[in-house]
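Taking it in order: structure first as structure tokens, then the write-up.
In the working numbering, the protein residues as written are 1234 to 1409.
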């Protein structure tokens, strides 16, 4: 009898503990904010030996069946520094909608990405301002050759189906 009561209490405790998530069943991640990586010496401006402008397509919604039916997606812009020794600097990260209209800028000042570090920006599923043809435009720089890996990662969950796909950033101009 004592074992049965102990098991019952343990099961109730487990259910109570499992229900300690937000209303969507997701947990929020704590981590570095972009503000912690601000370049504080802005007196020299943004002048690096190597600079690139990059275009990254993002799909904040995709069509299904007909143009009138679509699913909203969560999209993440991921900027990864592939160097194990050199710092990557990001001057701007701007978000545009399907019509090429500016929506918002994510940086007020340049930020840096440590070696093997990652900078991420998330477009929430509920944010439909970008539309099906949304994109990011960013400018990065470094004093030594770096080949950052810049991509968009989209994820959608519908009923009990989930899917994800990626897009790659395309360099649209280079200054060396």
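Beta carbons are placed, not taken as given, at the ideal position from N, Cα and C, and that holds for glycine.
{"Asked": "Of the choices 1291, 1354, 1324, whose alpha-carbon is the least far from that of residue 1283?", "Found": "1324"}
{"Asked": "For my contact list, residue 1311 and residue 1356 are in at a C-beta cut-off of 8 Å; report their separation, rounded to the angstrom.", "Found": "So it is not a contact: roughly 12 Å between Cβ atoms."}
{"Asked": "Using the rule of at least 16 other Cβ atoms within 10 Å of the residue's Cβ for burial, across every protein chain shown, is residue 1401 buried or exposed?", "Found": "exposed"}
{"Asked": "Let me know if residue 1242 comes out buried or exposed under the rule of 16 or more other beta-carbons within 10 Å of its beta-carbon.", "Found": "With a pLDDT of 47 at residue 1242, under the threshold of 50, the modelled position of that residue is not reliable, and no figure is offered here."}
{"Asked": "With 7 Å as the threshold, decide whether the Cβ of residue 1391 is near any Cβ in chain C.", "Found": "Here there is only one protein chain, and chain C is not present."}
{"Asked": "DSSP three-state call for residue 1338: helix, strand or coil?", "Found": "strand"}
{"Asked": "Could you spell out the range, first to last residue, of the beta strand (DSSP E) harbouring residue 1377?", "Found": "Per DSSP, residue 1377 belongs to no beta strand (DSSP E) and is neither H nor E."}
{"Asked": "Could you work out which residue in 1353, 1305, 1396 is closest to residue 1314 when comparing CA atoms only?", "Found": "1353"}
{"Asked": "Quick check on the DSSP output: the beta strand (DSSP E) that includes residue 1287 runs from which residue to which?", "Found": "1283-1290"}
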